[in-house]
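Protein chains in written order, with the UniProt record's numbering: chain U, 1 to 208; chain L, 1 to 246.
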């Protein structure tokens, strides 16, 4: 996304350490790694954000007593790294064939300190000038339900899987951001769909 | 619900993503199928909390009118055992009652020492650690280790199951393994025109090859691995160039 890129790998369902074993569902482990150096507090927070968002949409009950390990490696950080990590993770999960309830799409936006405008997918430079930063994650159930343009605020928020905001902002600003990000997330969902379709077409071309 | 109906009405493979909902009977899409009250769900489809049926894996939605069965054909690399599938396993341990086999799933599978053709308590085959066995999954359950057998339980005959001697095993994706099992597979037919070889394909993505020369084995192995994302014409030229180099 923009100038940022993240490499994500998914291993699983695989053997789990007895210590981490859960009898009724799979253990989800997320490891976030920075480009250089040791994982910092920020990386640990990112790990927890991703794991807590994914756990409700992963059907971990289908693979009890196993481990699903997700490794998120930052390759290049130029703003909205958390959104990039979310989108990379969901693509990796789809490719690995892990059962999911729905897919997600993540978008970051900022409110510019000078112009008070909402900016999508900010770069590091733009982030520095932001009054507030918002990260949203939407699932694809909502994109199906909202085709009839029911942009009710409450319904909109019911489909948010994750939201993280920093800085100072008003309530109206927050809802405006979520509306803008929701629209942008549709593009992310569309991209995921075309990516999967392209890969499947390659696989099936021999059989026609 | 709209996305899936659009896919169904257009021609070509119907691609579904996790969260896409299977159309209900009222949509009129099931009219060609005998409207059996029972729908059988295969891999990749799950009933959701709100009584709808949704895909849980990305792949191609398939439907068989016989028995009104629906499933999603998807590709992955990790094997999850299912009853009745033929697989290739490596012996990794042996106890008094069971062999422990690595089948590429989360847990090792168990193969009873007596589950071979004509095996009795007195007279049973002995397999060393590292031996390759071609077997059938006799029981698969998400909460337990899979159980295997090396004979057909209805006839008591081996039916081709048993130890694979000599040869070479390599790993492919599960989707490719499924395609290789089809007797019409292009890459195996093309290879068969140039080099003689034996092969056994496990649903767990393990493919065993036995040929006269190591050079042939390497060629076959490379050709099969390369063929996964190639079209028919590309596949032909790929095999041709590999054989010419031999």
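Ideal Cβ placement from N, Cα and C applies to all residues, glycine included.
The structure presented is a predicted model; accordingly, all values stated were derived computationally and were not measured.
If you draw a straight line from the Cα of residue 56 of chain U to the Cα of residue 108 of chain L, it is about 28 angstroms long. For the 8 angstroms CB-CB criterion, residue 85 of chain U and residue 6 of chain U form a contact. DSSP, read as helix, strand or coil, puts residue 82 of chain L in coil. Taken in chain order, the whole beta strand (DSSP E) runs of length 3 or more contained in the segment 81-166 of chain L are 86-94, 98-102, 109-116, 132-141, 144-150, 162-164. In this structure, the CA atom of residue 47 of chain U is about 15 angstroms from the CA atom of residue 106 of chain U. Distances from the alpha-carbon of residue 102 of chain U to those of U/159, U/111, U/175, U/121 put U/159 closest. With fewer than 16 other Cβ atoms inside 10 Å of its own Cβ, residue 202 of chain U counts as exposed. Residue 110 of chain L sits away from residue 72 of chain L, with the two beta carbons spaced by 8 angstroms or more. Assigned with DSSP and collapsed to three states, residue 175 of chain L falls in helix. Beta-bridge partners assigned by DSSP to residue 69 of chain L: L/40, L/64.
Under the DSSP assignment, residue 214 of chain L falls in the alpha helix (DSSP H) whose first and last residues are 214-226. Here the segment 64-83 of chain U makes contact with the segment 39-54 of chain U; the two share three or more CB pairs at distances below 8 angstroms. By the criterion of at least three beta-carbon pairs nearer than 8 angstroms, the segment 75-91 of chain L is in contact with the segment 137-146 of chain L.
Taking 8 angstroms as the cut-off, the beta carbon of residue 190 of chain L is found closer than this to the beta carbon of residue 236 of chain L. Non-local C-beta neighbours of residue 75 of chain L in its own chain, meaning closer than 6 angstroms and more than five positions away in sequence, comprise 173, 175, ordered along the chain. The three-state secondary structure of residue 75 of chain U, taken from DSSP, is strand.
Using a 10 angstroms sphere on the CB of residue 36 of chain U, the tally of other CB atoms stays under 16, which defines it as exposed. Interface with chain U (8 angstroms Cβ-Cβ cutoff): residue 69 of chain L is excluded. Beyond the five residues adjoining it in sequence on each side, residue 217 of chain L comes within less than 7 angstroms, by CB distance, of 168, 209, 211 in the same chain, given in chain order. For residue 2 of chain U, no alpha helix (DSSP H) encloses it, and the DSSP letter there is neither H nor E. Within the segment 153-201 of chain U, the alpha helix (DSSP H) runs of at least 4 residues that lie entirely inside it are, in chain order, 153-158.
In this structure the segment 88-97 of chain L does not touch the segment 45-65 of chain L; the number of beta carbon pairs closer than 8 angstroms is below three. Residue 70 of chain U is classed as buried because its beta carbon has at least 16 other beta carbons within 10 Å across all chains shown. Within the segment 175-193 of chain L, those residues whose Cβ lies closer than 7 angstroms to any Cβ of chain U are, in chain order, 175, 186. Contact fails between the segment 41-59 of chain L and the segment 150-160 of chain L, because fewer than three Cβ pairs, one in each stretch, are under 8 angstroms apart. Contact with chain U is absent for residue 150 of chain L, since none of that chain's Cβ atoms lies less than 8 angstroms from the residue's Cβ. For residue 75 of chain L, the neighbours in chain U by C-beta distance under 9 angstroms run, in chain order, 95, 97, 199, 200, 203. Residue 46 of chain U: not part of any beta strand (DSSP E); member of the alpha helix (DSSP H) spanning 41-54, first to last residue.
With its beta carbon less than 8 angstroms from one in chain L, residue 59 of chain U belongs to the interface. In chain order, 110, 111, 112, 113, 122, 167 place their CB closer than 7 angstroms to the CB of residue 130 of chain U, counting only its own chain and leaving out the 5 sequence neighbours on each side.
According to the DSSP secondary-structure assignment, residue 47 of chain L is paired through a beta bridge with L/53. Here DSSP, grouped into helix, strand and coil, assigns residue 235 of chain L to helix. The Cβ of residue 69 of chain U sits no closer than 8 angstroms to any Cβ of chain L.
Counted as a single uninterrupted DSSP element, the alpha helix (DSSP H) harbouring residue 87 of chain U occupies residues 81-96. The C-alpha of residue 104 of chain L is placed about 21 angstroms away from the C-alpha of residue 115 of chain L.
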